[in-house]
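Q: In the numbering used here, the protein residues as written are 39 to 119.
Note that the Cβ used here is the ideal one computed from N, Cα and C, for glycine as well.
Mind looking over this structure? Questions follow.
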């Protein structure tokens, strides 16, 4: 589909959308999300790297993990609860 055809289709569809108040609110939210600048992540690049490394270890089978059941048994044996 060419740009001109897409533009015409969008104009027709937006005309239908703006007649329904509930859809208009949703459309406004979509435009707000598109137009807002990307905010800086509160997760640092170093933290992302650690997660990626842990994920790679997990998928390669090189990681050690304890099931919740085993952990519960260990805590119960050690602390009695």
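#1: Just the Cα atoms here: how many angstroms apart are residue 66 and residue 43?
#2: For residue 99, which of helix, strand or coil comes out of DSSP?
#3: Between the alpha carbons of residue 108 and residue 115, how many angstroms are there, rounded?
#4: I'd like to check one pair, residue 56 with residue 62: are the Cβ atoms closer than 8 Å?
#5: Tell me which residues share the same chain as residue 59 and place their Cβ nearer than 7 Å to its Cβ, disregarding the 5 neighbours each side in the sequence.
#6: Cα separation between residue 82 and residue 50?
A: In short, the structure shows the following:
#1: Rounded to whole angstroms, residue 66 to residue 43 spans 23 Å at the Cα level.
#2: Residue 99 falls in the coil class under three-state DSSP.
#3: Their backbone Cα atoms lie some 11 Å apart in a straight line.
#4: It is a contact, given that the beta carbons lie within the stated cut-off.
#5: Counting only Cβ-Cβ distances below 7 Å, and skipping sequence neighbours, we find nothing.
#6: The straight-line gap from Cα to Cα measures roughly 43 Å.
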